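Before any comments, here is the structure.
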Amino acid sequence: DQVMRFVEPSRQFMKDSIRLVKRCTKPNRKEFQKIAMAIAIGFAIMGFTGFFVKWIHIPINNIIVAERFLFAGTRSK
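Each residue of the sequence shown is one higher than the last, beginning at 3 in the numbering used here.
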C-alpha cells in the first residue's frame, strides 16, 4: 500500500507528460520566423534603451564626480 502511494503519482505524471508531448507540435517555418523576428525586435529595443540610458548617465556621473573633486580642495581644515 505504501509503495503504491509513491508509485501512483509518478505513473500519473508520466501519463500526463506523454500526453503533453504527443499534443505539442513544432512550429512551421512561418511561425518560427515570426517568433524569431519578435524576439530580435525585443532584443534591439532593450539594447537601444540600455545604450541611451547609459549614454545619458555617463556625462551626468562625470559632472557629479568632477564637482566632488573640485570642491574637495576648497574645504577648510
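Note that beta-carbon positions come from the ideal geometry of N, C-alpha and C, so glycine has one too.
All values derive from a computational prediction rather than experimental measurement.
Give me the Cα-Cα distance between residue i and residue j, rounded to the nearest whole angstrom.
i          : j          : result
residue 51 : residue 58 : 11 Å
residue 19 : residue 64 : 56 Å
residue 32 : residue 39 : 11 Å
residue 66 : residue 42 : 36 Å
Please list the segments of the alpha helix (DSSP H) lying wholly inside the region 18-49, counting only runs of 4 or more residues, in order along the chain. Taking only runs of at least 4 residues, no alpha helix (DSSP H) segment lies wholly in the region 18-49.
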